[in-house]
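Chains as they are written, first to last, in our numbering: chain S, 1 to 275; chain R, 1001 to 1996. Cβ coordinates follow ideal geometry from the N, Cα and C atoms, glycine included. What you are looking at is a predicted structure, and each value in this text was computed from that prediction instead of being measured. Below is one structure, written out as structure tokens; the observations come after it.
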């Protein structure tokens, strides 16, 4: 396997697979596959054949039991056809192989509800944090400034100077921890990769609408201690070209959008470390 | 015995849902509550072990970080009253369905027939409330009793009884399937009773046509062969009622109109649809010659036009008014997921790329009494907005464009327009994707959801006025996820060439979809007993006409059926073979072995003679008011900015995902703080290309109070003007017409039918005239003709309303223009002349007048202006552009200024004027809504080139963009008549609906 390969899982209410695949291609992956969950459950496509797994935005099962809950349950319990393997085994093997996972919005919700994040001590199936209803009680589509934690181990954010500007589009993005201890471990380990902030990326904020959901410590994104697993509520795939910026007709912007760097870093990491 | 699993939030976790309910109780019902908490309840009616129940409760049903769970033990505490709200039997319960699936994954066992999980919510109310207050909260806010049930307990009663017992809303029906025969050899009164009692919505003439059919000896002989008697079966009668309903057959648009104008000239119009709408498209296409871009018009579920060499665009706009009046949430949700199926079911199928929504409501702050059956406009507003939010967002389709229009007559029926565009490859498997066919022998396949009693008589009930007895079953709740799964499967099946024909199951259910498909090849044979049901006990006629959602009908060649069905199983989509298509000219329905309907295709589709419709135009008389000129209009401007039809709709728009799929170029909001109102939307449906799709719309029902001709002309102009403003190309743009009328058929109930019909004729005349001038082919549309409320005493008719939508192209989306001013020093131009046309304007409405000088569209000069402007855009000469509509010039300059964050200073004496000098007043210049005008800003260095591009057609520099954040307007006489800071103008504009 000499090609860098990204996979985007879709099905049961996932919505952002096209633009996520596009971002992977622009980011430099040699091959990008959009795989329907049915094709993975049937055994036609295996996660083992890829380096970068994208869990993208959408409304898995309508978020009917709380965001991404039903899919977390499905992934944990469903078996792959023609084998005794549970689907979740493919995930744990993927993580153990040192590969990359990026969960965006509904994908982030799925990661925390499966327990993949923050993933302390290699426990990737143990839920300790959650994402729940925005304080405003409503779905919000608006752009947010995200201050980066430059000391984070996250491999996706390498090279980001102060922060990036991305849209959020969610009703359940409020980040909460099960205990102060969990929060302290996240903070001490610099796992809170992005925080909602002011336009200059200097101060994180709890004020609506700059912080659209009321997240604890303004946390918008999280990575595991290895930095290879990351989840975030804002949509990096929604800003890979300047015409996606809400003010591109009035500001001078570079050709590339702020979100693309996450995919570029993933592709570079895969090329340097995984093939 | 069913088990109750209750999920509560842990101590200290904020309950955003409860807080919202608390706000709404205070806001809507003016009751004080100290607090509202909420609980989720899952009632599991299936034999699960206690371990399995615990696994479900602690696993998929709850979030361990923030929630607790209990099993068969009430979790509620710390309240004064508790209200539990769940669905009535048979109502779509999406959460229950997902919960059931989750349990199946957990146990590894599928649910048996009749086993299920049901969802309910508990509201824990704290405060000094009476039982009557709680009753009011339950029925006025928490529960729509049409589809939901509720129970209330006080804290004391709750403790005494140990909480609510497990309640299983299972459909209990006697499993006695029967087919009735209906005797039509009865009196005329009896015929009408049969129609009315059965919600058939058939007229006496139509009943008599059916009566005559069953007297025909040839028909009787054919029936005898299949064991049928001389009387129609209920399956046949119901099927004809659906097929012939106004909703499905468009009898008014197909009827013969006897029109008399104000001068007494008489004219017979055979079919408004053919004479105006179809003719518009035909004539425009002929004129375009080899530049014609229409691919499929009027014949499919949506219109199809060329996008580029490799792709075609598909667009349809629908209405879902009557269901939204009864159940705003379910009605609107069904509206949006329903219209999604139109482009999906067009040609061989398309990928859905955006939604558009336009809602017409009465004032949400309405305080006057309403007839008992009508819901308060605020509740309709809330429900519709949320229904479309869930439908659109969950389907992963961006909502890119829309409007909210307010007029108190929409209390009688709200209008809920939902549109969806799709993109299809020009060619799929070597064949043009916009074409499809059926061969005799192809199998009838239904995919998606199951059939229940939901949505029975939707088509016929919406063909009548809303009344006290409107049927509950007409309401459905959509399920975007079941539909999304089906689409995920079908789009892959399309690319593998596994089916030959696809269409949607909408109004009339299978009777309509299979009836139309059978028309393609000349007949069908279908066994209703094979249809998958949500619960047992449906009679054959109910199976045939149920409008249960999320279903598509397909024709699958027999040699592909195995692969098709196997793939459906893999994708978790139900697909069932119901029969086959034939060419024997008969719509032949079985229930098992027995024939239950035998209808000649010709009688079904051609058996109805055209309606005869009188129409007489008498122009209404409204006096033009004489208003005193003012020295300062700043207050009036602020009041206008706050008016419902003008104010910011951001609180609604932000709830709609307008960026999913990644192609967003011009968003609903723009400008320095992302909050200025865009005129139109631009999206890039193909992410590695810069070709953009542009969509916009026009709607101005107020002008109907003066003349529907001009209402229509202005709506078409507004749509194209918005489209052009952002940079849409005039070489590739098409229109869609959605007529929403009050009943225009002269009858006892509608004594002014001839006038309303004349309004419809005039509207059609304008549609033809203006579209011809604008080279706009009409590619699809819809009419909804019974938008009245009548309970025997009160009648509320909506103002005749045309929603005109356009879809087209911008060759390079990077050239798109937004409405916010860009930099100080830029020159402000006004394109197009202003006239004294304040009739039915927002300004007159605010002052309590209608007036008579309605804006007149001059499409010839307007089209030349739009062409010139487009050249300027393509050449990069335009910094910003905003269309002038509600509220006129004053509102447009205010919006452009505060969106851009820079001031504007203009001089009214420089505004190009047309018409009589005595009308030339500051008031008219500020607030007249004259058509076809654009406010443009241009960098000084581009001014000469812009002047040259525009020529001298009513294009004038009227002012300048200023550094200081101030709007300043100089009067004709040179004095300042508007002066206000941008912050205060924006605040006035944003405040009205901010909290909704």
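Please determine, among the options, the residue with the shortest C-alpha to C-alpha distance to residue i.
i: residue 1273 of chain R; options: R/1059, R/1768, R/1820; result: R/1768
i: residue 1841 of chain R; options: R/1522, R/1504, R/1193, R/1852; result: R/1852
i: residue 1450 of chain R; options: R/1256, R/1323, R/1383, R/1097; result: R/1097
i: residue 1634 of chain R; options: R/1180, R/1070, R/1986; result: R/1986
i: residue 2018 of chain R; options: R/1208, R/1618, R/1955; result: An answer regarding residue 2018 of chain R cannot be provided, because it is not within the stretch 1001 to 1996 covered by chain R.
i: residue 148 of chain S; options: S/261, S/267, S/137; result: S/261
i: residue 1194 of chain R; options: R/1091, R/1232, R/1442; result: R/1232
i: residue 41 of chain S; options: R/1571, R/1131, R/1495, R/1296; result: R/1571
i: residue 1599 of chain R; options: R/1537, R/1224, R/1943, R/1197; result: R/1224
i: residue 1850 of chain R; options: R/1002, R/1621, R/1816; result: R/1621
i: residue 1639 of chain R; options: R/1846, R/1590, R/1506, R/1858; result: R/1846
i: residue 1685 of chain R; options: R/1659, R/1026, R/1031; result: R/1659
i: residue 1951 of chain R; options: R/1501, R/1017, R/1866, R/1771; result: R/1866
i: residue 1601 of chain R; options: R/1140, R/1584, R/1941, R/1436; result: R/1584
i: residue 1742 of chain R; options: R/1412, R/1118, R/1928; result: R/1412
i: residue 144 of chain S; options: S/67, S/197, S/96; result: S/197
Confirm, please, whether the CB-CB distance from residue j to residue i is below 8 Å.
i: residue 1873 of chain R; j: residue 1958 of chain R; result: no
i: residue 1934 of chain R; j: residue 1856 of chain R; result: no
i: residue 1575 of chain R; j: residue 1565 of chain R; result: yes
i: residue 1674 of chain R; j: residue 1931 of chain R; result: no
i: residue 1778 of chain R; j: residue 1281 of chain R; result: yes
i: residue 1661 of chain R; j: residue 1480 of chain R; result: no
i: residue 1546 of chain R; j: residue 1453 of chain R; result: yes
i: residue 137 of chain S; j: residue 1024 of chain R; result: no
i: residue 1940 of chain R; j: residue 1754 of chain R; result: no
i: residue 1502 of chain R; j: residue 1351 of chain R; result: no
So residue i packs on residue j, CB below 8 Å; how close in whole Å?
i: residue 1682 of chain R; j: residue 1813 of chain R; result: 6 Å
i: residue 15 of chain S; j: residue 52 of chain S; result: Residue 15 of chain S to residue 52 of chain S, Cβ: 19 Å. No contact.
i: residue 1005 of chain R; j: residue 1057 of chain R; result: 5 Å
i: residue 1254 of chain R; j: residue 1610 of chain R; result: 6 Å
i: residue 235 of chain S; j: residue 142 of chain S; result: Not a contact, Cβ separation roughly 11 Å.
i: residue 104 of chain S; j: residue 57 of chain S; result: 5 Å
Using a cut-off of 7 Å between C-beta atoms, extract the partners of residue i located in chain R.
i: residue 133 of chain S; result: 1016, 1017
i: residue 176 of chain S; result: 1065, 1066
Taking Cβ-Cβ distances shorter than 8 Å, what residues in chain R pair up with residue i?
i: residue 16 of chain S; result: 1396, 1660, 1661, 1662
i: residue 5 of chain S; result: Those within 8 Å of residue 5 of chain S in chain R number zero; the least Cβ separation is about 20 Å.
i: residue 42 of chain S; result: 1570
i: residue 77 of chain S; result: 1105, 1106, 1108
Name the chain S residues that come within less than 9 Å of residue i, Cβ to Cβ?
i: residue 1276 of chain R; result: Within 9 Å Cβ-Cβ: nothing; residue 1276 of chain R doesn't reach chain S, min ~38 Å.
i: residue 1003 of chain R; result: The contacting residues do not exist; residue 1003 of chain R stays about 17 Å from chain S at best.
Given that residue i touches chain S, what residues does it touch there, using C-beta distances under 8 Å?
i: residue 1687 of chain R; result: 18, 19, 22
i: residue 1674 of chain R; result: 142, 143, 246, 247
i: residue 1667 of chain R; result: 246
i: residue 1389 of chain R; result: 139
Who are the neighbours of residue i on chain S, taking C-beta pairs under 7 Å?
i: residue 1656 of chain R; result: 141
i: residue 1484 of chain R; result: 13
i: residue 1059 of chain R; result: 73
i: residue 1304 of chain R; result: Going along chain S, no residue has its Cβ under 7 Å from residue 1304 of chain R, so there is no contact; the nearest lies around 21 Å.
How would you list, in chain order, the residues of chain R whose beta-carbon sits under 9 Å from the beta-carbon of residue i?
i: residue 169 of chain S; result: 1393, 1657, 1658, 1659, 1660
i: residue 127 of chain S; result: 1063, 1064, 1065
*Write down every uninterrupted run of the alpha helix (DSSP H) in the stretch 173 to 255 of chain S whose length is 4 residues or greater and which is fully enclosed by it, in chain order.*
With a minimum length of 4 residues, the continuous alpha helix (DSSP H) runs that stay inside the stretch 173 to 255 of chain S are 180 to 188.
*Can you give, in chain order, each stretch of the alpha helix (DSSP H) that sits fully within the stretch 1473 to 1511 of chain R and has at least 4 residues?*
You should have 1480 to 1495.
*Taking only runs of the alpha helix (DSSP H) that begin and end inside the stretch 1891 to 1943 of chain R, which ones reach a length of at least 4 residues, in chain order?*
Runs of the alpha helix (DSSP H) inside the stretch 1891 to 1943 of chain R: 1922 to 1927.
*In chain order, which continuous runs of the alpha helix (DSSP H) of length 4 or greater are located wholly inside the stretch 1124 to 1156 of chain R?*
As far as the stretch 1124 to 1156 of chain R is concerned, its whole alpha helix (DSSP H) runs of at least 4 residues are 1131 to 1137.
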